[in-house]
Structures are given as C-alpha cells and as structure tokens.
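Using the numbering used here, the first residue of the sequence shown is number 330, and each one after it goes up by one. Even glycine gets a Cβ: it sits at the ideal position worked out from N, Cα and C. All values reported here derive from a predicted model rather than from experimental measurement. Since the structure comes first, as structure tokens, the remarks are kept for the end.
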Amino acid sequence: MQFFENESFYYRANQLFCENVNLSDLATEIETPVYIYSKTFFKNRYLEFSRAFSNLDHKIFYAVKSNFNLSVIKTFIDLGSGLDINSEGEFYRALLAGAKPENIILTGLGKTYEEIKLGVVNDVLMIKAESLDEIILINEIASKLGKIANVAIRVNPDVNPQTHPYISTGLLENKFGLDEETALGIYADHNKFKSICFTGIDMHIGSQITSTAPFEDSVEKLSETFFKVKDLGIDLHHFDIGGGFGNQYLNEKVFSIQELANKLFPLFNKLKCKIFFEPGRFLTANGGIIITKVIYNKCNKTKNFIVVDLGMNDLLRPSIYTAYHHIQPLKNNLHKDIEADIVGPVCESGDFIAKNRTIELVGQGEYLAVMSTGAYGTVMSSNYNARRRPAEIMIENDQWKIVRSRESFEHLVFDEKEKLQ
Ligand SMILES: Cc1ncc(COP(=O)(O)O)c(C=O)c1O
Numbered sequence: 330m331q332f333f334e335n336e337s338f339y340y341r342a343n344q345l346f347c348e349n350v351n352l353s354d355l356a357t358e359i360e361t362p363v364y365i366y367s368k369t370f371f372k373n374r375y376l377e378f379s380r381a382f383s384n385l386d387h388k389i390f391y392a393v394k395s396n397f398n399l400s401v402i403k404t405f406i407d408l409g410s411g412l413d414i415n416s417e418g419e420f421y422r423a424l425l426a427g428a429k430p431e432n433i434i435l436t437g438l439g440k441t442y443e444e445i446k447l448g449v450v451n452d453v454l455m456i457k458a459e460s461l462d463e464i465i466l467i468n469e470i471a472s473k474l475g476k477i478a479n480v481a482i483r484v485n486p487d488v489n490p491q492t493h494p495y496i497s498t499g500l501l502e503n504k505f506g507l508d509e510e511t512a513l514g515i516y517a518d519h520n521k522f523k524s525i526c527f528t529g530i531d532m533h534i535g536s537q538i539t540s541t542a543p544f545e546d547s548v549e550k551l552s553e554t555f556f557k558v559k560d561l562g563i564d565l566h567h568f569d570i571g572g573g574f575g576n577q578y579l580n581e582k583v584f585s586i587q588e589l590a591n592k593l594f595p596l597f598n599k600l601k602c603k604i605f606f607e608p609g610r611f612l613t614a615n616g617g618i619i620i621t622k623v624i625y626n627k628c629n630k631t632k633n634f635i636v637v638d639l640g641m642n643d644l645l646r647p648s649i650y651t652a653y654h655h656i657q658p659l660k661n662n663l664h665k666d667i668e669a670d671i672v673g674p675v676c677e678s679g680d681f682i683a684k685n686r687t688i689e690l691v692g693q694g695e696y697l698a699v700m701s702t703g704a705y706g707t708v709m710s711s712n713y714n715a716r717r718r719p720a721e722i723m724i725e726n727d728q729w730k731i732v733r734s735r736e737s738f739e740h741l742v743f744d745e746k747e748k749l750q
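Here you go:
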C-alpha cells in the first residue's frame, strides 16, 4: 500500500511519528479515536502563505470554521493572523483565544441580529454582507448604537470553482453573495446607509479548489467590479479573495501557494489596495490526523470490512462528500495488503471512512491513522448515537498536550437530568 507523509507526519523505523512523538506510544496512553495536530505544521503553512504574498500589502484571516480549537486559533493569532469568523460561537472562541476585534472579519450569509450586533459593538474590522436585507439590518443596528459599521459586499463572480458541488459557492445558482448588478446598485445607493462605511469588496468561490484558473478568472471579473465601485466615488481599502485554496490529500495535483501568488500578483497589483485572504483548509488540513483502533475484522462473501472506533459522528467528510482521507497503520508491519471498506460503529450504511480501499492487513486492537483531518474534522463532529466527541492533542517537537479532553458522559446529557419530565 501507499504511505502518505509530510514534514510533520512521517515513518521512522516503520512507525508513524508526529514531529518527534512516536504515535504508537501515544496511542497506548490515550482513549481512541483521538485527533492529533502538529503545531509546527500549522506555523509552517502560515509562514509559507505569508511569504508567497510578501511583496503585496496583504493580511491573512485564518478561517476559524476549518478548526476552531482554541489552541489552534491561538497558534495563528500568535503569528499575526487575523480571523474570519462565521458565527457568535466562533466569535466567542476567537475572543477566548486572545483575538482582538479589530483583526476579525465577520462572515456568513445568515447572520442574525445578535451576531451583527456583536460585530458592531466590538468594532470588528469588517462585516461581509451577502444581501440587501442584511445591509439594511447592519445599518439599523449601527445607527441605534451610534456607530459606523465597516462593510464589504460579497459578490458572486459566477465562476465554476471545479470542486465538489457541496463546497462550491461562486456560481449564481449557489446561495452565497450577490450578483454584480445587485451589488453595484447597493454601492451606488451608499448614501442611503448613513451608519455604514463601505470599505471593500469580497468573494469566496468555494473550497478545495485545486487549480489556479478559477481564482484568476474571479479576480479578473471582480477587479472590474472593484473599479466600477471606485467610479461611484467609494474609496475601497481592501479586496478580499476569500479562501478555498486546495489541499493535497494524497498525490493529486494541487497548485503551490507560490504558483498562485505568481499568477495573481499582476492582477492584485493593479488594484492598489490591501488584499485579504481567508485560508482555512490550506493551513490546517494536513496538520491533523485521527488515530483510530481496529475493533473487528470481518468479511462477507463479497467484501472485507475493517470496523474501527471512529464513526461518521467524529469525521463526517467521507459520508457527506465521499471525501478521500488516506488511511495507514501506525505501525507498518509489512503485512500483506487487502481490499476493504473501513467502517465505523454508527448504525448507518453511510458511516464509512473509506470504501474499497487497498490497505495493509491490520489486526484487532491495532491502530490506524486517518490522515489530513486537521480541517473540517472536529468542527463537523456530533454526538450521534450518543457518542462522546474525541480528545484533541497538539504536538510540538517532542511534547504533546491535550488541548481538548474527550467529552464526558455529563457533556452528553448537558442539563437534561435537571430538566427531566
Ligand atoms: C467566506 C469563507 N471564507 C473562507 C472559507 C475557508 O475556506 P477554505 O477552508 O476552503 O480555505 C470559507 C469556507 O467555507 C468561507 O465560507
């Protein structure tokens, strides 16, 4: 079978390590399934991103939705990152992790009254608006509070990002953003919104985009809109390209950030304003894995099944997107390969981590690593089947720390005992 390695997760003497920690040793000390993060990986990815765009006046806003563990958020804040926040809950987490509101942008297409108020009261750097109704509400809230809210409109450039339909957001058929004509109409009416200052223009065309072309096309299209807005007499300070930069999950071709920077630099240069980026997956996906234990091996007439203790409640991506996560043993015992479905214990046929996967035969009680799960892993987990969410561990060099414990049974019932009818 093939093994997936990077600078943080690699085999040493046939045992999988994260930085300088032997994960087989760690697995014996901790309940599985368990999420493992490499702090050094997160740092290196952030630095790679900021280096690629170092010739440009820019700011990175880490998209907290990809991994909202406080220690992960803090890792990026400590490097100087701003944050892209999508909800009250993410705002709460960001502040706890030490974020300053002036480094926060508030995104999301269905912001509630309370969420907008939170942004306005705290003077966030910018609220990204996605409808006229929202702009009217932001104006009303800011006016009541005696504030001026900085707002940018998310324009949908109608470009196909060539990704999974569930994570494609830049087509007019998608629910996100506003078409150019509607957006220009609102910018033209800017004087009607006395408590709003329009500071920028935004896009976000989807996630896991693996070719630079959709970004080039969208930036070109949105640049035209940007100049049309400037012609209306509005002094835009920023152009926000959003996130969506693809991650390599095995050996598929993905552009490097330097390649993207080389392609976009001439386009950005013409704008003469600050460029905002909102990367999530690019920064976190390959910096995390899950360790899971094999509970049973079984086969029926046509198929082998490896039943593991990791369910769709812990890692949803394979079930909802048939997303690929490479799976490999913590100890490479050089056993023969088999073809199997790797499935969880949840009572759904959709509860699988991989289908028809060639994998080294692993015995009951042995461990597997599910790779590239640092993004959209824990954040999408649930308590389905009354399963407790896994612990999360952060590793740096030869040190590992639990940065969130496995949920207890008390977490599962919350206040239901007191409310029992
Ligand atoms: C507005 C916005 N910005 C940034 C992101 C981060 O995307 P990614 O993790 O693909 O970089 C998302 C993801 O859905 C988003 O909706």
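Among the options, nearest to residue i - alpha-carbon criterion
i: Q331; options: P719, R686, Y713, D744; result: R686
i: V393; options: Y653, L424, L565; result: L424
i: H740; options: I731, L749, M723, R718; result: R718
i: G280; options: L659, I724, V699; result: Coverage of the chain is limited to positions 330 through 750, which leaves residue 280 absent and any answer about it impossible.
i: Y650; options: S536, E419, D407, D487; result: S536
i: G572; options: R341, T528, G694, T436; result: T436
i: I586; options: P595, G575, G529; result: G575
i: R716; options: A683, G640, I515, V732; result: G640
i: G411; options: Q577, V401, K429, E510; result: K429
i: Q491; options: V484, S472, I538, F738; result: I538
i: Y391; options: R380, F382, K403; result: K403
i: F606; options: E334, K550, I359, D386; result: D386
Residue i beta carbon near ligand 1 (any heavy atom closer than 7 angstroms)
i: T436; result: yes
i: G706; result: no
i: H654; result: no
i: A590; result: no
i: R716; result: no
i: H493; result: no
i: Y394; result: According to the sequence provided, residue 394 is Lys. The question's Tyr does not apply to it. Checking every heavy atom of ligand 1 against the Cβ of K394, one is found closer than 7 angstroms.
i: Q537; result: yes
i: H387; result: no
i: H567; result: no
i: E419; result: no
i: G703; result: no
i: E463; result: no
i: P608; result: yes
i: H664; result: no
i: F611; result: yes
i: L616; result: The identity of residue 616 in the sequence shown is Gly, whereas the question assumes Leu. Incorrect: G616 has no Cβ contact closer than 7 angstroms to ligand 1.
Buried or exposed by the 16-neighbour rule on C-beta atoms within 10 Å, applied to residue i
i: T631; result: exposed
i: Q657; result: buried
i: Y421; result: exposed
i: E443; result: exposed
i: P494; result: exposed
i: I534; result: buried
i: N591; result: exposed
Through-space distance from residue j to residue i, alpha-carbon basis
i: N726; j: L513; result: 51 angstroms
i: D546; j: I434; result: 24 angstroms
i: A458; j: A481; result: 6 angstroms
i: E417; j: N662; result: 47 angstroms
i: D518; j: I465; result: 12 angstroms
i: I604; j: E721; result: 33 angstroms
i: S460; j: E419; result: 21 angstroms
i: K504; j: V699; result: 32 angstroms
i: C347; j: Y339; result: 7 angstroms
i: S648; j: I682; result: 7 angstroms
**OP:** At 3 residues or longer, and completely inside the region 608-678: list those beta strand (DSSP E) runs for me, N to C.
**Re:** Here the runs fully enclosed are 617-628, 633-637, 656-658, 666-672.
**OP:** List in chain order: all unbroken alpha helix (DSSP H) runs of 4+ residues lying wholly within the region 447-517.
**Re:** Taking only runs of at least 4 residues, the alpha helix (DSSP H) segments lying wholly in the region 447-517 are 461-474, 509-517.
Original post:
At what residue ranges does the region 534-621 contain a whole run of the alpha helix (DSSP H), taking only runs of 4 or more?
Top reply: 542-560, 586-600, 610-613
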